[in-house]
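Everything on this sheet refers to the single structure shown next.
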Amino acid sequence: MVKFSKELQAQLIPEWKEAFVNYWQLKKNIKKIKISRRAQQKLEERNDFGRSFLDRVAGIGRKIVSLLGTSGGEINREIIQVRRQGGDEEAIYETDLDQLFSERDEMKEFFERLDEELNKVNQFYKTKESEFLERGEILNKQLQILVDLKQVLHDRRRKSFPSRSDSVPRSNSSSLRGSDYSSGSPAESEEAQSEGSTGVDDVIAALERNGLNVIGSGRHKIMSTKKGKPTTKVGMRIDIPATTPTRTITAVTSMLWEDLVSNPKKEVRGDFINRKKIQCAEKMIRGAFVELYRGLGLLKTYSSLNMVAFTKILKKFDKVANQEASGTYLKVVKRSHFISSDKVVRLADEVESIFTKHFANNDRKKAMKYLRPRQHKESHMITFLVGLFTGCFVTLFSIYAILAHLSGMFSSTTEAGYVETVYPIFSMFALLSLHIFLYGCNLFMWKSSRINYNFIFEFSPSNALKYRDVFLLCTSIMTMVVGAMVVHLLLRSNGFSPAHVDAIPGILLLLFTGLMICPFNIFYRSTRYCFMRVMRNIICSPFYKVLMVDFFMADQLTSQIPLLRHMEFTTCYFLAGSFKTHQYQTCTSSKLYKELAYVISFLPYYWRAMQCARRWFDEGDINHIANLGKYVSAMLAAGARLTFAMRPTPIWLGMVIATSSVATVYQLYWDFVKDWGLLNPKSKNPWLRDDLILKRNSIYYFSIGFNFVLRLAWVETIMHLNIGKMDYRLLDFFLASLEIIRRGHWNFYRLENEHLNNVGKFRAVKAVPLPFREMDSDD
1 MVKFSKELQA
11 QLIPEWKEAF
21 VNYWQLKKNI
31 KKIKISRRAQ
41 QKLEERNDFG
51 RSFLDRVAGI
61 GRKIVSLLGT
71 SGGEINREII
81 QVRRQGGDEE
91 AIYETDLDQL
101 FSERDEMKEF
111 FERLDEELNK
121 VNQFYKTKES
131 EFLERGEILN
141 KQLQILVDLK
151 QVLHDRRRKS
161 FPSRSDSVPR
171 SNSSSLRGSD
181 YSSGSPAESE
191 EAQSEGSTGV
201 DDVIAALERN
211 GLNVIGSGRH
221 KIMSTKKGKP
231 TTKVGMRIDI
241 PATTPTRTIT
251 AVTSMLWEDL
261 VSNPKKEVRG
271 DFINRKKIQC
281 AEKMIRGAFV
291 ELYRGLGLLK
301 TYSSLNMVAF
311 TKILKKFDKV
321 ANQEASGTYL
331 KVVKRSHFIS
341 SDKVVRLADE
351 VESIFTKHFA
361 NNDRKKAMKY
371 LRPRQHKESH
381 MITFLVGLFT
391 GCFVTLFSIY
401 AILAHLSGMF
411 SSTTEAGYVE
421 TVYPIFSMFA
431 LLSLHIFLYG
441 CNLFMWKSSR
451 INYNFIFEFS
461 PSNALKYRDV
471 FLLCTSIMTM
481 VVGAMVVHLL
491 LRSNGFSPAH
501 VDAIPGILLL
511 LFTGLMICPF
521 NIFYRSTRYC
531 FMRVMRNIIC
541 SPFYKVLMVD
551 FFMADQLTSQ
561 IPLLRHMEFT
571 TCYFLAGSFK
581 THQYQTCTSS
591 KLYKELAYVI
601 SFLPYYWRAM
611 QCARRWFDEG
621 DINHIANLGK
631 YVSAMLAAGA
641 RLTFAMRPTP
651 IWLGMVIATS
661 SVATVYQLYW
671 DFVKDWGLLN
681 PKSKNPWLRD
691 DLILKRNSIY
701 YFSIGFNFVL
711 RLAWVETIMH
721 LNIGKMDYRL
731 LDFFLASLEI
741 IRRGHWNFYR
751 LENEHLNNVG
761 KFRAVKAVPL
771 PFREMDSDD
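Residue 779 is where the sequence shown ends in the UniProt record's numbering, and the numbering goes up by one at each step.
Put into structure tokens, the structure is as follows:
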């Protein structure tokens, strides 16, 4: 049977860990009581030595009399009393101990701690409950506005197409059916768009039905009324986040136009409300309801787990202290707010009803797929396949190494073309597989450490990759790659035409490209498409809103510049037909190739810098500008090293040392202080941080040193540790692998710090932005 302490550790909400009952500290208090009672029993046994039997009976009798009390001699009189101070909102519980416990400090300390935990749980529950209730009210208002605006669109369609829309039943204010605005032929859609979107007057009429009275004709000036008298000027607009390039450009252009050209005397009609905006607004509100329901579920879990914790710890106390205090205290716990309040349950039922009605066409089963997504069970087949592919990879790699040695492909000068062919492509797959393998290790460590990476990355728990899935991807890719290497080597060594054999690496590359964009639901389609969306967001920076997964992936790309360079060479190699002519200098010696080398070396840093600029634009945090400077310094250092490799002059050597030193210091500071949150001189853990997930501090000190050493890998560009003809390729591959290892090592602490920031702010539910926003008329 699993101990409750381990069960609680496994089931509690990581972000709310500090708000749960400190069950482990209460167990320590009970252990103190147990030790104290043993010492007291030994002392009593010594004092009772030599006493007669009658004396012992008399002593027992006195103890019984002391328990009788004065109210009619009731033996079952409560030995503790729990007082409640303050009203319902600010109730504080305090336990009064009977005279029996007054001389025992351990008992007093236990109940004081128990009162603190009960008050803490109650206060946190009330805070979260009020937050969710307020969020529910806001969502109801947002939903009502959405219903009215959709009704306006429906009415305009009826006017535009009376012959067809008369047969469509009029949607009431409580219906949110997608067919109201998404159905119809393409011709109807184009005609409806051409006739104009929903204008300001129709929107104002819809808002007036929600109790808002519109005055003036400027920027949607609205005045709320109370008993016919205006009270507060507000405004209402659809605030769709600029998450795409088109919306971003439109938002920036509109802002600049309003700031530079707007004339206050000129009447401004404002934004038109079209069906596309309504669709975006509905999607946002639907996501907000899903997150609200998830938060309510977490709060119910919080309540039930704490109730079980109080029950378990009080039973332990009764057993150790040989008393019956749990019944009295548990009555108080059950009457406390976090157990007696039913507001969360009623709100959850209301959200289910609203979601089913408005977003699932009264299909409860469909609604529950959104509100309670099921997580895929871990299959033993995946574990079996990981082991199978691992064994195949090891076997094929051993065969390849033996065949390469026997054929002398790597030692023969006549077979230099073989290395030129296989190295760029197969090393590219090797670096990619190493990165995937380290990501699987990260997932395993994050799961073991209770770091909620799905919440941080905003992954769906139903289709997010587990670490076994990642290991399956890694081993299957490497098995196919090494298998292709064996076939390629066998054909080359048996005298087949290199012009035909050297096409195998290109076929392998096309195969993986086709698998990546394959539309069929095979080989983790949702993950593949998610990866392509993230890459699209990165490449189009800064026109997409930057999410955590976007800049996290962009950071990974800064460590994969050698892989991108190999992709550049491979593309040129096959497009130029060099695999037929074996003119390998065609790609490496051309001016365009050298210029592209600069572009590819700059691109990951440029994308990351543009993401920092976009985050500064969205959030206004100056730290993002400082982070942008880090990537600019990295771009300068990469350019200097690349130029020095082409023109090794003393001037460029000095430039490499200067730029790389500045970039390295900048990067180390940002790694340790900003990304990892370490090097805090005032921390209770010397030069670390106050909260650490790993138990041993020495691991963090080792990680600091390890990251510092690997950040200095650029020194190799000055020392030129090349021995023999082949060493420069092997050394480049080794250094590229070290950078990927450093990045995988960095990933764990980066997400650990992000998780602890969420824990510090008790953020366990995503805050979804809402489309309809009120603002002062002066804005």
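A virtual CB, placed ideally from N, CA and C, is assigned to each residue, including glycine.
Burial state of residue i (16 or more Cβ within 10 Å)
i: ILE740; result: buried
i: ARG157; result: buried
i: ASN362; result: exposed
i: PHE384; result: exposed
i: GLU619; result: exposed
i: TRP446; result: buried
i: HIS624; result: buried
i: PRO505; result: buried
i: LEU396; result: buried
i: PHE602; result: buried
i: PHE496; result: exposed
i: GLY760; result: exposed
i: ARG135; result: buried
i: TYR728; result: exposed
i: TRP24; result: exposed
i: GLY408; result: exposed
i: ARG533; result: exposed
i: PRO681; result: exposed
i: ASN442; result: buried
i: ASP502; result: buried
Backbone secondary structure at residue i - three-state DSSP
i: GLU94; result: strand
i: LYS766; result: coil
i: ARG294; result: helix
i: GLY218; result: Unreliable placement is indicated for GLY218, whose pLDDT of 36 sits below 50; the coordinate value is still reported in the next sentence. Looking at GLY218 - three-state DSSP - the assignment turns out to be coil, as it is neither helix nor strand.
i: residue 780; result: With the chain running from 1 to 779 in the structure shown, residue 780 is simply not present.
i: residue 820; result: Residue 820 falls outside the range modelled here, since the chain spans only 1 to 779, and no answer is possible.
i: LYS319; result: helix
i: VAL740; result: Residue identity differs from the one stated: residue 740 is Ile in this sequence, not Val. Three-state result, ILE740: helix.
i: HIS376; result: coil
i: GLU324; result: coil
i: TRP676; result: coil
i: ILE507; result: helix
i: PHE20; result: coil
i: SER36; result: helix
i: ASN685; result: coil
i: CYS518; result: coil
i: ILE651; result: helix
i: ILE590; result: At residue 590 the sequence reads Ser, which differs from the Ile that was named. DSSP places SER590 in coil when its eight states are reduced to three.
i: LYS108; result: helix
i: ARG157; result: helix
i: ILE622; result: coil
i: ILE145; result: helix
i: LYS695; result: coil
Whole-number beta carbon distance between residue j and residue i, since they are thought to touch under 8 Å
i: TYR605; j: TYR631; result: 4 Å
i: SER703; j: TRP607; result: That belief does not hold up - the Cβ atoms of SER703 and TRP607 are roughly 27 Å apart, past 8 Å.
i: PRO771; j: ALA281; result: 4 Å
i: PHE132; j: LEU296; result: 6 Å
i: ILE600; j: LEU509; result: Contact doesn't hold; Cβ gap of about 17 Å is too wide.
i: LEU432; j: VAL486; result: 19 Å between Cβ atoms; not a contact.
i: THR717; j: ARG641; result: 5 Å
i: TYR293; j: VAL351; result: 5 Å
i: ARG275; j: LEU153; result: 6 Å
i: GLY744; j: LEU438; result: 3 Å
The ligand NAP heavy atom lying under 7 Å from the CB of residue i
i: VAL665; result: The model depicted lacks the ligand NAP and carries no ligand whatsoever.
Inset, instruction - Note down, one range per segment and in chain order, each alpha helix (DSSP H) of at least 4 residues found wholly within the segment 446-500. - result: Within the segment 446-500, the alpha helix (DSSP H) runs of at least 4 residues that lie entirely inside it are, in chain order, 453-457 and 467-493.
Inset, instruction - Could you tell me whether the segment 28-36 touches the segment 102-122, where touching means 3 or more Cβ pairs closer than 8 Å? - result: These segments touch.
Legend entry - Runs of alpha helix (DSSP H) lying entirely within the segment 523-580, each at least 4 residues, in chain order: Secondary structure in the segment 523-580: the alpha helix (DSSP H) runs of 4 residues or longer, each lying completely within the stretch, are 525-539, 548-558 and 561-575 in chain order.
Legend entry - Segments of 4+ residues assigned as alpha helix (DSSP H) that fall wholly inside the segment 325-398: With a minimum length of 4 residues, the continuous alpha helix (DSSP H) runs that stay inside the segment 325-398 are 326-335, 337-340, 343-359 and 364-371.
Inset, instruction - Flag this pair as touching only if the segment 739-756 and the segment 675-689 have three or more C-beta atom pairs under 8 Å; answer yes or no. - result: With a cut-off of 8 Å, the segment 675-689 and the segment 739-756 count as touching, because enough Cβ pairs lie within range.
Inset, instruction - Inspect the CB distances between the segment 324-343 and the segment 115-126 and report whether three or more fall short of 8 Å. - result: Yes, since at least three Cβ pairs between the segment 324-343 and the segment 115-126 fall closer than 8 Å, the two stretches touch.
Legend entry - Meets three-Cβ-pair contact criterion under 8 Å: the segment 761-769 and the segment 12-28: Touching, yes.
Inset, instruction - Could you tell me whether the segment 460-477 touches the segment 374-390, using the rule of 3 or more Cβ pairs below 8 Å? - result: The segment 460-477 makes contact with the segment 374-390, as at least three CB pairs between them are under 8 Å.
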